[in-house]
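Shown next, in structure tokens, is the structure this report addresses.
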Amino acid sequence: MPQTPHIERHFTAGEVVRDVVIGMSDGLTVPFALAAGLSGAVDNSHIVVVAGLAEIAAGSIAMGLGGYLAAKSDAEHYASERQREVREVEEIPDEEAREVQNVLADYGLPPHESAPVVQALTRKPKEWVDFMMRFELGLEEPDPKRALQSAVTIAASYIAGGIIPLAPYMALHSARVALLWSVLFTLAALGIFGYIKGRFTGSQPGRSASQTIVIGGLAASAAFLLAKLIS
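Each number in my numbering comes from the position in the sequence shown (counting from 1) with 822 added on.
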């Protein structure tokens, strides 16, 4: 009887989702907190919009640059470690062979079973280095386009998130009235974002939504109360 072929489905866009989470979460909470804080000091939507847009511009650039530098640092670290492994394979192959055997032993392979694997790897230097990078150091080769993609994704997500709390201020003159709508829009967006994030990352969607709502609400409340006290 023919069997249904087994098809494994794995989520492989983890780095992109991480960048979206970083950009969107900060984009929703920081401009939201700024707008709420300004609303506690002045009842003028124009001032809030100008300040909010300036913050979104500065924040998206800073966040995008941070993502770019982090990805470049990962790539440089990988290249440096790979060069070291290549040198060690050439200069101290016996020691590297013992390290392969130790790695395989951690997976439960006794010496007599791991010996053929070790011998096979020593005949293929590139694959040997690949093995050491992945299983000894736990490093995966980064995508060469990763740095630019990370910067653009984080910056765009920050801008998209930041526009949501500012939208009511763009439509209404009174900052106090706009604040109420901004709270509703932003908390709803935080809930939806947290739920989707939970689905993609494998955590409980309801719990993830609740956490993002609470964090965003606390940040905005703190900024609003601080502005009221100062003014």
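Backbone N, C-alpha and C define an ideal beta-carbon position, used for all residues, glycine too.
Run of the alpha helix (DSSP H) containing residue i, from where it starts to where it stops
{"i": "N866", "result": "Segment: none, N866 is in no alpha helix (DSSP H) and carries neither H nor E."}
{"i": "R920", "result": "P915 to D928"}
{"i": "F953", "result": "P947 to F953"}
{"i": "V958", "result": "The sequence given here has Glu at residue 958, not Val. No alpha helix (DSSP H) holds E958; DSSP gives it neither H nor E."}
{"i": "S979", "result": "R968 to A993"}
{"i": "L943", "result": "P933 to T944"}
Cβ-based burial, residue i [other Cβ within 10 Å; buried from 16]
{"i": "K948", "result": "exposed"}
{"i": "S996", "result": "exposed"}
{"i": "T834", "result": "Reliability of the predicted coordinates at T834 is poor, the pLDDT of 45 falling under 50, and the value obtained from them is presented with this limitation in mind. T834 should be labelled exposed."}
{"i": "A1044", "result": "exposed"}
{"i": "L988", "result": "buried"}
{"i": "A916", "result": "For the record, residue 916 in the displayed sequence is Asp; it is not Ala. Result: exposed."}
Whole-Å CB distance - residue i paired with residue j, under 8 Å assumed
{"i": "R1009", "j": "G1028", "result": "In the sequence under discussion, the amino acid at residue 1009 is Leu, which differs from the Arg named in the question. At roughly 15 Å, the Cβ-Cβ gap does not stay under 8 Å, so L1009 and G1028 are not in contact."}
{"i": "T1034", "j": "F1007", "result": "Not really, about 14 Å apart at Cβ, beyond 8 Å."}
{"i": "G849", "j": "G984", "result": "4 Å"}
Proximity to residue i [Cα-Cα], best of the options
{"i": "P933", "options": "R920, A973 and E958", "result": "R920"}
{"i": "M955", "options": "R904, M846 and L850", "result": "R904"}
{"i": "A1000", "options": "I869, M846 and V839", "result": "I869"}
{"i": "Y991", "options": "G874, A978, R840 and I844", "result": "G874"}
{"i": "V1005", "options": "G859, D952 and I844", "result": "G859"}
**Asked** Is the number of C-beta pairs between the region 925-932 and the region 881-900 that are closer than 8 Å three or more?
**Response** no
**Message:** For the pair the region 857-866 and the region 905-918, tell me if three or more CB-CB distances fall below 8 Å.
**Reply:** no
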